[in-house]
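The next block holds one structure in the form of structure tokens; read it before the comments.
In mature numbering (1 follows the signal peptide of the UniProt record, and there is no 0), the protein residues as written are -19 to -1, 1 to 136.
Here's what the structure looks like:
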């Protein structure tokens, strides 16, 4: 049996593995009401959306890795028939300036996985804490109004 001092020393030099819990869901034009704003987290009778730990892909690597950030995206198309996209997931800080986890922002977005030629207006919110501690952006006005308001509510 190892002496306590050796165990203590080893525990101080081993890196701690850290991952966060994030909600994972999507909704297009209200197709998944549990994922829409105003978000209430886990609802009875709805499949679990909270992923603990949240696993994600990493650029240039195969497999799934522990996430470092939760993401919420709300975007609206500006077509005659507006479309609203809500997407909640997790991501990993890639350690470069191109990482989606670098900054929350609102404005124009291009989502290549939806349509690489369509410009959307919306907000991308990034949080490096568990989903239950992250503030989120909720749009108050309908999507066909060009300006939008943002308020912060806990998830």
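All C-beta atoms, glycine included, are put in the ideal place defined by N, C-alpha and C. Please read all numbers here as calculations on a predicted model, not as lab measurements.
Between the CA atoms of residue j and residue i - distance to the nearest angstrom
i, j, result
"residue 9", "residue 45", "26 Å"
"residue 97", "residue 105", "17 Å"
"residue 99", "residue 84", "22 Å"
"residue 29", "residue 11", "18 Å"
"residue 69", "residue 43", "22 Å"
"residue 13", "residue 6", "8 Å"
Assigned exposure category for residue i - 16 Cβ within 10 Å defines buried
i, result
"residue 53", "buried"
"residue 103", "buried"
"residue 33", "exposed"
Cβ neighbours of residue i in the same chain (closer than 7 Å, five flanking residues each side left out)
i, result
"residue 95", "66"
Beta-carbon proximity list for residue i, same chain, < 8 Å, skipping 5 on both sides
i, result
"residue 110", "1, 51"
"residue 101", "56, 57, 58, 59, 66, 89, 90, 91, 92, 95"
Contacting residues, own chain, Cβ-Cβ under 6 Å from residue i (five flanking each side not counted)
i, result
"residue 49", "73, 74"
"residue 36", "45"
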